[in-house]
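Once you know that position 251 of the sequence shown is 250 in numbering that gives the first Met the number 0, the rest is easy, because the numbers rise by one and skip nothing. These notes concern the structure reproduced below.
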Amino acid sequence: MKRQGRFFMWLDNASDIDILFYEPYARIIADIAKNEKYNPLTIGVFGLWGAGKSTLLKLINEKLDSQEETICVTINAWMFESYDDAKMAIIEALLLELKEKFPDDAKKKFGKLIKRVDWFKLGTKAVSTLAPVVASVAMGNPLPMLLNVTGNAEEIGNTVKSAANSIQSLKDEYWKEEDVSNDESTINNIRKFRGEFSDALKNDDIKNVVVMIDDLDRCRPERIIEILEVIKLFLSVDRTTFIIAADENVIKYSIREKYPPMNGFDVELDKEYIEKIIQLPIYIPELSAKDIQNYLLLLVTQSYLGQESFKQLIDKIFEEKRTISGDVITLEEINKLIDELGLNWQDGGKTVFNETAKIIDEIREIVASTLKGNPRQAKRFLNTFITKRQLAKIYYGDEIDISILAKLLVLQKLDNDLFIQLNEWNKEFDTENVKFKEMRMAVAQGTTVEQEPWATPQIKKWLDCKPIELEKYPLERYFYLTRENLKNSNIDQSGFSSNTKNILVRIGNAQSGGQMTAIINAAKELSSVEIGDVFKVVIPKIEKGDLKFFVIRDLFINFERFKGKISEALLKSNSKIKVGDIPVLRAMYQNDSERLEETLQKMIEKGTLSQKMLDDIKAQQKKG
Numbered sequence: 000m001k002r003q004g005r006f007f008m009w010l011d012n013a014s015d016i017d018i019l020f021y022e023p024y025a026r027i028i029a030d031i032a033k034n035e036k037y038n039p040l041t042i043g044v045f046g047l048w049g050a051g052k053s054t055l056l057k058l059i060n061e062k063l064d065s066q067e068e069t070i071c072v073t074i075n076a077w078m079f080e081s082y083d084d085a086k087m088a089i090i091e092a093l094l095l096e097l098k099e100k101f102p103d104d105a106k107k108k109f110g111k112l113i114k115r116v117d118w119f120k121l122g123t124k125a126v127s128t129l130a131p132v133v134a135s136v137a138m139g140n141p142l143p144m145l146l147n148v149t150g151n152a153e154e155i156g157n158t159v160k161s162a163a164n165s166i167q168s169l170k171d172e173y174w175k176e177e178d179v180s181n182d183e184s185t186i187n188n189i190r191k192f193r194g195e196f197s198d199a200l201k202n203d204d205i206k207n208v209v210v211m212i213d214d215l216d217r218c219r220p221e222r223i224i225e226i227l228e229v230i231k232l233f234l235s236v237d238r239t240t241f242i243i244a245a246d247e248n249v250i251k252y253s254i255r256e257k258y259p260p261m262n263g264f265d266v267e268l269d270k271e272y273i274e275k276i277i278q279l280p281i282y283i284p285e286l287s288a289k290d291i292q293n294y295l296l297l298l299v300t301q302s303y304l305g306q307e308s309f310k311q312l313i314d315k316i317f318e319e320k321r322t323i324s325g326d327v328i329t330l331e332e333i334n335k336l337i338d339e340l341g342l343n344w345q346d347g348g349k350t351v352f353n354e355t356a357k358i359i360d361e362i363r364e365i366v367a368s369t370l371k372g373n374p375r376q377a378k379r380f381l382n383t384f385i386t387k388r389q390l391a392k393i394y395y396g397d398e399i400d401i402s403i404l405a406k407l408l409v410l411q412k413l414d415n416d417l418f419i420q421l422n423e424w425n426k427e428f429d430t431e432n433v434k435f436k437e438m439r440m441a442v443a444q445g446t447t448v449e450q451e452p453w454a455t456p457q458i459k460k461w462l463d464c465k466p467i468e469l470e471k472y473p474l475e476r477y478f479y480l481t482r483e484n485l486k487n488s489n490i491d492q493s494g495f496s497s498n499t500k501n502i503l504v505r506i507g508n509a510q511s512g513g514q515m516t517a518i519i520n521a522a523k524e525l526s527s528v529e530i531g532d533v534f535k536v537v538i539p540k541i542e543k544g545d546l547k548f549f550v551i552r553d554l555f556i557n558f559e560r561f562k563g564k565i566s567e568a569l570l571k572s573n574s575k576i577k578v579g580d581i582p583v584l585r586a587m588y589q590n591d592s593e594r595l596e597e598t599l600q601k602m603i604e605k606g607t608l609s610q611k612m613l614d615d616i617k618a619q620q621k622k623g
């Protein structure tokens, strides 16, 4: 968290205080990692983006740092994303860290290993760039080289000669060490590196080296595979334990990109690959809705307490096992604990804290259901709220009701389309927002069509959040503060569940109706929120013409709730219907001609569908 006067921001960093209560996980993983009986070992700490994996690694590091016979090193994989040879760069970074942390008598061994890495990098460069140049000239075909080198034949020749001399010079320097072999075989060099690395780690004072790899899932697929393979091939030796923090779904995707499934064979190569690399997977569970509610309130509390006071509060909550009871911690309980512990208030004190906390307390249930167990999303929501609150004070002073602002931000998070619709209704405000009131009353009385977007369970909960009678308030100023959201934008998928992401990947990769059958069956097992997230991504793709028609057909036929949005998306699309699409539209029309009739007629007016095509669809309908 960053503090600027009374303006607070929760930064997307590993937390110094265990607000997520991951300490039991950290204790177990640290105990395993420091035990030399289990090594070489690779532990996978799996969780979605924003689940708090970096915070957990930090807790593990704190526990291992207190162990005299254990050395702990953290490497951020994302830092090596732009390197030409990320494998060697990571090895070199690790060796430099170990050279600093190991006793003096081991430093020379790590120095020799670093030289071997230099030779690996040199060899890679020679193969990837210089070797083709030398070969092209030798074969009398300088064209490949001319693509990268300018000048006349003499200049080109000098360039090649200079490059070759540089390689030889470095090679000679490397081989000056009497105990370094001149065997250039890649396999032999890997074998020798592993042997020398294992030897360097043998020290009476050091029992185990723990290497934590963070942010692996931020890297490109090819980088992810490179880093996993360098751990397996080069670094996994006695006295080493690797802890890899990542979203398992991202790793699986990277594996499928590198090693696509064989046609006709349902082989889980991604699963087998991970099992080969990682011996002990540990999954961080998604926080429950109640956990997120507690997390939101604790984040707000953190803003008004000193660092040490807040740590005491968290320790007390953990001690009393309030986080594992399954109950939501109330604002009253927080205030009581703070009073009992005699903690120190900051930045406005208890009164100002309660003013803010009461607003968050009112909306946290519905916010928590939207965030889907993701701590990062919780921080982002609070940051947005705090920022808009400060802007409101600057623009309008005390004329803004912060509870209304909070409620609108929740709606935008739940469904941006409904947020935009409410803004359009508000433009007709006279003495009240008539259309919103009519909708709210219809939902309350149960007279709306169940499939209507305002009648979903989440939106019903939102409608019940205070202030309930939102139609009484002109909202122009509030929408001005949030005007960047009054247009359709890219969907933020970071808070989606792993099940949702899996369905989206499968939809994107579907090649036939047979595959869609299995996908539809799996999608029907999703929760209402998860299937809603699927369609948040699918609908814009239909509008852009990026989704195959047989996919659209199967989604339309099987998900009644989203038929209206699919129809609207087809109408918004500028993609012209082709003859090959007619069977798909025919199936959709046969399933629900009443819903599609108006859409197809408007598509004719727009010019994306011909009258002849529509006649063909309807003729087939009559025959059926």
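Glycine included, each C-beta is placed from N, C-alpha and C at the ideal position. Keep in mind it's a predicted model, so treat the numbers as computed, not measured.
> For K486, does the count of other Cβ atoms within 10 angstroms reach 16, so buried, or fall short, so exposed?
Replying inline: By 1-based counting over the sequence shown, the position of residue 486 is 487. Exposed, because fewer than 16 other Cβ atoms sit within 10 Å of the Cβ of K486.
>> If contacts are defined as beta-carbon pairs under 8 Å, then D213 and N75 qualify, I think. What distance do you get, rounded to the angstrom?
In response: On the sequence shown, position 214 is the one that residue 213 refers to. On the sequence shown, position 76 is the one that residue 75 refers to. Between N75 and D213 the Cβ distance is about 5 Å, and since that is below 8 Å, they are a contact.
> Any idea if A245 is buried or exposed, counting beta-carbon neighbours within 10 angstroms, 16 or more meaning buried?
Replying inline: Walking along the sequence shown from the start, residue 245 turns up at place 246. Under the 10 Å beta carbon count, A245 is surrounded by 16 or more other beta carbons and is classified as buried.
> How would you call K564, buried or exposed, if buried means at least 16 neighbouring beta carbons within 10 angstroms?
Replying inline: Here residue 564 is taken as the residue at index 565 of the sequence shown, counted from 1. Answer is buried; the Cβ neighbour count reaches 16.
> Going by beta carbon distance, what residues of the same chain come within less than 7 Å of K310, once the five residues before and after it are set aside?
Replying inline: Counted from its first residue, the sequence shown places residue 310 at position 311. I16.
> Since A377 contacts I291 with CB under 8 Å, what's their CB separation in whole angstroms?
Replying inline: In the sequence shown, counting from the first residue as 1, residue 377 sits at position 378. In the sequence shown, counting from the first residue as 1, residue 291 sits at position 292. Sure, about 6 Å apart at Cβ, within 8 Å.
> Which whole runs of the alpha helix (DSSP H) in the region 425-469 are 4 residues long or more, in chain order?
Replying inline: Segments of the alpha helix (DSSP H) lying fully in the region 425-469: 433-444, 456-463.
> CA-CA distance, R238 and N207?
Replying inline: Residue numbering aside, residue 238 sits at position 239 when the sequence shown is read from its first letter. Residue numbering aside, residue 207 sits at position 208 when the sequence shown is read from its first letter. Cα to Cα, R238 sits roughly 5 Å from N207.
>> Check whether the region 544-554 and the region 496-504 touch, using three or more Cβ-Cβ pairs below 8 Å as the test.
In response: Between the region 544-554 and the region 496-504, the count of Cβ pairs shorter than 8 Å is below three; the stretches do not touch.
> Straight-line CA distance for Q444 to F435?
Replying inline: What you label residue 444 is simply residue 445 of the sequence shown in a count that begins at 1. What you label residue 435 is simply residue 436 of the sequence shown in a count that begins at 1. Approximately 14 Å between the Cα atoms of the pair.
>> Measuring only the C-alpha atoms, how far is K465 from E398?
In response: Your numbering for residue 465 matches position 466 in the sequence shown. Your numbering for residue 398 matches position 399 in the sequence shown. The alpha-carbon separation between K465 and E398 amounts to approximately 18 Å.
> Just how far apart, CA to CA, sit L227 and K106?
Replying inline: To locate residue 227, count along the sequence shown from 1; it is residue 228. To locate residue 106, count along the sequence shown from 1; it is residue 107. Each residue's alpha carbon lies about 26 Å from the other.
> Since V44 is in the beta strand (DSSP E), which residue starts that stretch and which ends it?
Replying inline: As a working mapping, residue 44 is identified with position 45 in the sequence shown. From DSSP, the beta strand (DSSP E) with V44 extends over 40-45.
> Any contact of the region 49-59 with the region 318-335, i.e. 3+ C-beta pairs under 8 Å?
Replying inline: Below 8 Å, too few C-beta pairs join the region 49-59 and the region 318-335 to call them touching: fewer than three.
> CB-CB under 7 Å to L40, same chain, minus the five flanking residues each way: which ones, in chain order?
Replying inline: As a working mapping, residue 40 is identified with position 41 in the sequence shown. Only T240, Q278, L279 meet the Cβ criterion.
> With DSSP run on the structure shown, which of helix, strand or coil describes P664?
Replying inline: One cannot answer for residue 664 here, as it falls past the ends of the chain, which runs 0 to 623.
> From L295 to E597, what distance separates their C-alpha atoms?
Replying inline: Start at 1 with the first residue of the sequence shown, and residue 295 comes out as number 296. Start at 1 with the first residue of the sequence shown, and residue 597 comes out as number 598. Cα to Cα, L295 sits roughly 45 Å from E597.
>> On the DSSP bridge list, what partners appear for I18?
In response: The residue labelled residue 18 in the question sits at position 19 within the sequence shown. By DSSP's assignment, I18 forms no beta bridge with any residue.
> What's the gap between the Cα of F380 and the Cα of I556?
Replying inline: Within the sequence shown, residue 380 is the residue found at index 381, counting from 1. Within the sequence shown, residue 556 is the residue found at index 557, counting from 1. Each residue's alpha carbon lies about 35 Å from the other.
>> Taking 6 Å as the limit between beta carbons, can you name the residues of its chain near L297, skipping five residues before and five after?
In response: Counting from 1 along the sequence shown, the entry for residue 297 is found at position 298. Excluding sequence neighbours, L297 sits near I18.
> Where does the unbroken beta strand (DSSP E) through N60 begin, and where does it stop?
Replying inline: Within the sequence shown, the letter at position 61 stands for residue 60. It is not in any beta strand (DSSP E) - N60 instead sits in the alpha helix (DSSP H) that spans 52-64.
> Should V210 and L58 be called a contact, given that it needs their Cβ atoms to be closer than 8 Å?
Replying inline: Numbered from its first residue, the sequence shown carries residue 210 at position 211. Numbered from its first residue, the sequence shown carries residue 58 at position 59. It is not a contact, given that the beta carbons lie outside the stated cut-off.
>> For I31 and L286, I'd like the C-alpha separation in whole angstroms.
In response: The residue labelled residue 31 in the question sits at position 32 within the sequence shown. The residue labelled residue 286 in the question sits at position 287 within the sequence shown. In a straight line, the C-alpha of I31 is about 24 Å away from that of L286.
> Thinking just about the alpha-carbon of each residue, which of G49, Y394, I250, F101 is nearest to the one in I273?
Replying inline: Counted from its first residue, the sequence shown places residue 273 at position 274. With distances taken between Cα atoms, I273 lies closest to I250.
> On the premise that E542 lies in contact with A521, defined as a C-beta separation below 8 Å, what is that separation, rounded to the nearest angstrom?
Replying inline: Numbered from 1 along the sequence shown, position 522 holds the residue referred to as residue 521. Numbered from 1 along the sequence shown, position 543 holds the residue referred to as residue 542. Not a contact, Cβ separation roughly 24 Å.
>> Suppose you measure from the CA of Q345 to the CA of E267; what does that come to, to the nearest Å?
In response: Residue mapping note: residue 345 aligns to position 346 of the sequence shown, counting from 1. Residue mapping note: residue 267 aligns to position 268 of the sequence shown, counting from 1. Q345 and E267 have their C-alpha atoms spaced approximately 54 Å apart.
> What is the residue span of the beta strand (DSSP E) that D213 lies within?
Replying inline: Within the sequence shown, numbered from 1, the residue matching residue 213 stands at position 214. D213 -> beta strand (DSSP E) spans 207-213.
> So, L480 versus A391, is the Cβ gap smaller than 8 Å?
Replying inline: Walking along the sequence shown from the start, residue 480 turns up at place 481. Walking along the sequence shown from the start, residue 391 turns up at place 392. In this structure, A391 lies closer than 8 Å to L480 by Cβ.
> Based on Cα-Cα distance, which residue from K108, T446, R26 lies nearest to K191?
Replying inline: Taking the sequence shown and counting its residues from 1, one reaches residue 191 at position 192. Nearest option by C-alpha distance: K108.
> From K406 to I362, what does the alpha carbon distance come to, in whole angstroms?
Replying inline: One-based indexing of the sequence shown puts residue 406 at position 407. One-based indexing of the sequence shown puts residue 362 at position 363. For K406 and I362, the gap between their C-alpha atoms comes out near 7 Å.
>> I need the DSSP call for P473, collapsed to helix, strand or coil.
In response: Your numbering for residue 473 matches position 474 in the sequence shown. Reduced to three states, the DSSP call for P473 is coil.
>> Checking 8 Å against the spacing of the C-beta atoms, do I242 and I28 come in under that value?
In response: The sequence position of residue 242 within the sequence shown is 243, counting from 1. The sequence position of residue 28 within the sequence shown is 29, counting from 1. One thing to note: I242 has its Cβ within 8 Å of the Cβ of I28.
> Under 8 Å between the Cβ atoms of L97 and V72?
Replying inline: Taking the first residue of the sequence shown as position 1, residue 97 is located at position 98. Taking the first residue of the sequence shown as position 1, residue 72 is located at position 73. Cβ distance < 8 Å, so L97 and V72 count as in contact.
>> Assuming the contact rule is C-beta atoms closer than 8 Å, F478 and N415 should be a hit. Round their C-beta distance to whole Å, please.
In response: The count along the sequence shown starts at 1 and reaches residue 478 at position 479. The count along the sequence shown starts at 1 and reaches residue 415 at position 416. Not quite, the Cβ-Cβ distance comes to about 13 Å (not below 8 Å), so this is no contact.
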